[in-house]
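Undergrad: Order-wise, the sequence lines are chains A and B. Read in my numbering, the first sequence has 234 at position 234, and its numbers run on one by one without any break. Read in my numbering, the second sequence has 338 at position 338, and its numbers run on one by one without any break. Heads up, the beta-carbon is just placed ideally off N, CA and C, and yes, glycines get one too. This structure is a prediction, so every number in the text was calculated from the model and none was measured.
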Amino acid sequence: MTETAANDVTTPARDHGRQEPPVLEVRGAVKRFGAVTALGGVDLTLRRRQVVGLLGDNGAGKSTLIKAITGVHALDEGQILLDGEPVSIRTPTEARQHGIEAVYQDLALFDNLGIVSNLYLGNELTKPRRFRALGWLDRKAMERDARERLEKLQVNVPSFNSQIGLMSGGQRQAVAVARAVAFASRVLILDEPTAALGVRETRNVLDTISRLPEEHDLSVILISHNMDHVVQVCDEAVVMRQGRVVGSATPSPDTLQDIVSMIVGATGPGSTPPTGK
Amino acid sequence: MTQTAALPPTPTPSSSQRHNQLLKATLALVRLGPLVMLGVLVLIMASVSPLFLTGRNLGNVGLEASVVAILALGQLLVIITAGIDLSQGSLIALTSVVGALWIRDLDIVSGWAVIPTMILAGGLAGAISGTLFVKGKIPHPFLPTLAMLMVARGLALLFSDGQPITGMPDAIRTLGSSRIGDVPVAVILVAALAVLIHVLLTRVTWGQWIYAIGANREGARRVGIPVDRVLISVYVLSGMAAGTAALVVSGQTNSAYPTAGNLMELSAIAAVIIGGASFFGGRGTVLGAIVGALILGVIQNGLNLLNVSAAWQYVALGTVVVIAVEMDVLRGYLESRLRIIRTEEKEA
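(1) Within 10 Å of its beta-carbon, does B/G214 have 16 or more other beta-carbons around it, so buried, or fewer, so exposed?
(2) How big is the Cα-Cα spacing for B/V42 and B/L330?
(3) Using a Cβ cut-off of 8 Å, pull out every chain A residue sitting near B/Q208, in sequence order please.
(4) In whole angstroms, what is the alpha-carbon distance linking A/T37 and A/G99?
(5) Quick one, which of A/G56, A/D138, A/G170 and A/F160 has its alpha-carbon nearest A/A196's?
(6) What does the Cβ neighbour count give for B/F280, buried or exposed, with the cut at 16 atoms within 10 Å?
(7) May I ask you to list, following chain order, the residues of the stretch 164-198 of chain A that have a beta carbon less than 8 Å from some beta carbon of chain B?
(8) Between the C-alpha atoms of A/A13 and A/V233, what's the straight-line distance to the nearest angstrom?
(9) So, helix, strand or coil for B/Q163, using DSSP?
(10) I'd like to know whether the C-beta of B/A271 is nearer than 9 Å to at least one C-beta of chain A.
(11) How should A/V264 be labelled, buried or exposed, when 16 other C-beta atoms within 10 angstroms of its C-beta is the threshold for buried?
(12) So, is the C-beta of A/V72 closer than 9 Å to a C-beta in chain B?
(13) Go ahead and pull the three-state DSSP assignment for A/K31.
(14) Quick one: which unbroken alpha helix (DSSP H) runs of 4-plus residues sit fully inside the stretch 28-99 of chain A? Chain order, please.
(15) Could you have a look at A/S138 and say whether DSSP puts it in helix, strand or coil?
(16) Using a cut-off of 8 Å between C-beta atoms, extract the partners of A/T93 located in chain B.
(17) So does the stretch 287-307 of chain B actually touch the stretch 94-109 of chain B, counting three or more Cβ pairs closer than 8 Å?
(18) Drop a sphere of 10 angstroms on the beta-carbon of B/M150, count the other beta-carbons inside from all chains shown, and report buried for 16 or more, exposed for fewer.
(19) Examine chain A for any beta-carbon lying closer than 9 Å to the beta-carbon of B/R18, and answer yes or no.
(20) Can you have a look at B/R56 and say buried or exposed, based on whether 16 or more other CB atoms are within 10 angstroms of its CB?
(21) By the three-class DSSP mapping on this structure, what secondary structure does A/Q163 have?
(22) For A/S219, which residues does DSSP report across the bridge?
(23) Out of B/S129, B/G332, B/S238 and B/A100, state which residue places its alpha-carbon closest to the alpha-carbon of B/I172.
(24) Looking at the C-beta of A/A68, does it have a partner C-beta in chain B at a distance below 9 Å?
(25) Does any C-beta atom of chain B lie closer than 9 Å to the C-beta of A/R132?
(26) Using the beta-carbon count (16 or more within 10 Å), is A/E20 buried or exposed?
(27) Can you give me the start and stop residues for the beta strand (DSSP E) that A/A237 sits inside?
(28) Report the rounded CA-to-CA distance for B/L334 versus A/D111, giving the unit in angstroms.
(29) So, using beta-carbon positions, are A/L24 and A/R244 closer together than 9 Å?
(30) Using a Cβ-Cβ cut-off of 9 Å, state whether A/T2 counts as contacting chain B.
(31) So, do the stretch 156-169 of chain B and the stretch 248-259 of chain B have three or more beta carbon pairs nearer to each other than 8 Å?
(32) With respect to 8 Å, is the separation between the Cβ of B/R337 and the closest non-hydrogen atom of the ligand FAD below this value?
(33) Cutting at 6 Å between CB atoms, please list the residues of its own chain near B/V286, excluding the five before and the five after it.
(34) Going along the chain, which residues of its own chain have a beta-carbon closer than 6 Å to the beta-carbon of B/L237, five neighbours each way excluded?
(35) Nearest by alpha-carbon distance to A/S224: which of A/L55, A/G40, A/A29 and A/L46 is it?
(36) Is the shortest distance between the beta-carbon of B/V40 and the beta-carbons of chain A less than 9 Å?
Below is the structure:
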């Protein structure tokens, strides 16, 4: 049942505005855990409205890089720039204040809460807006807003009151993505968003991702192991191996083989990255 | 779009729907479990003892259950965050002794001022346990609250020289032993606290946060919830609940016993679990905790009326705890079945 890759989906060459500085730039990122070097000087550039696929085997450093960008881990060395400005992102809250949101594979949702609560957790709308922790939850406003957002993303949910834990995998993932889209103003990071989804649900999530740059003015980093998905939605594929970026390519059926070689290390780190096209 | 004929034998829509509805109905019943259990117990007790349903006796049940109910309201908050507070029973003794000494040794203090003193003393102890757990990086709240259980009991014995201290102020005596009609004042206090905690849990941001932390602590951190502070606040409130329960306990006997409240945290934990809260966090309601405390109270009272020995009462209480936990397991199973069915329906 594999969808034959990308005949209709090859994204039209977008003008990514070479003049303006990239939305997100990581320079020389180093992160060590004791004796282990998880990131050994990583550079990454994400342009406005670009979808970059971040690829690599398990342990290549993808997750560590993502966690550095979202403030879960602090970098030992290196710099993160947003719109050309160096910023320090030390906590997840700081990352969100900079407009960066992430959907993590397993940590995205709270099974015991409903859809609206899941969408607004940490960003609750309260009646006296100033008392955040002890504010009165403005459920009506949140529900109204949630309905609009889900409609815009073309997400169908059974009922607003049902617990997330009782929903199907695709609906859950849709809510997680909706949550991140709602609060991201610059960069959206998706970690394996289609893992554990059925065929049709996967297609829905991929459709949503490919609409994000135009409709929501977002730039996206997509972590995936599925090459077909990368070819479908990504403008660029960046491959990591052993804590370094070993190459990048424009994903298309023609460059697929090169990308796979980079992931498994057949071309070896340090060799000239094959340029797509 | 999909050709059903090509798939392996799928249940016809009607039968799968019926199965689905049966599942939902069972789930609803299991969720109502604690209430059903209380109803059944009341019916049994009423049919075997004519004294049970008298106003006077129901007042007794309420009074007996009120101390556990107050503790359970605090314990509930802790258990929703996937924690546990073992120190509540000892804190009843410590806060009672502190209050009684306050009265005896400091004449300047009026009776009313003792009430906030005892509640805040409990809160302070909770703040210490909570801070040790969160900031001291202790892996599980079992340990700091176990330490607090021992320290508080020790301090209560030290401060009181191991002797009960008699003479609590009128306000506290009223809380512990007065009734309005057949309704004990303590029961009214429980009702007020229950409403307060219910509102905090269901209408206020903080309540959402403690459910979120209980379900997914790391995720809660990532969405920007101040997890550490919220966790500490929960132990503060649990300690304050112990201080409040101490008002009722010391008011009943007009004295502060350094041995008061022994093992009562376990009854509170049992009440919360019987009331349908999950020991692994993220789930639990005020109504459930109150019903749990009432179930314990009804069993104790009913078996007393029937002259059943205290030894058998323990056996009965333990059995109820097991039944409640198995109901929770069954609930989890039914919910996952329902989810699988829904996912399959989506795919089909």
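TA: By the coordinates alone:
(1) buried
(2) 24 Å
(3) L113, S117, L121, E124 and L137
(4) 28 Å
(5) A/G170
(6) exposed
(7) G165, L166, M167, S168, G169, G170, Q171 and G198
(8) Below a pLDDT of 50, predicted positions are generally treated as unreliable, and A/A13, at 46, falls in that range; the measurement from the model is reported next regardless. So the two alpha carbons sit approximately 12 Å from each other.
(9) coil
(10) no
(11) exposed
(12) yes
(13) strand
(14) 62-69 and 92-97
(15) In the sequence as displayed, the identity of residue 138 of chain A is Asp instead of Ser. Three-state DSSP puts A/D138 in coil, outside helix and strand.
(16) G224
(17) no
(18) exposed
(19) no
(20) exposed
(21) strand
(22) A/V187
(23) B/A100
(24) no
(25) yes
(26) exposed
(27) E236 to R241
(28) 15 Å
(29) no
(30) Residue confidence for A/T2 is low, a pLDDT of 41 falling below 50, so the modelled location carries little weight; the figure read from the coordinates is stated next. Taking Cβ atoms only, chain B never reaches closer than 9 Å to A/T2, which makes this a no.
(31) yes
(32) Of ligands this structure carries none, so the ligand FAD is not represented either.
(33) A194, I197 and H198
(34) G74 and L77
(35) A/L55
(36) no
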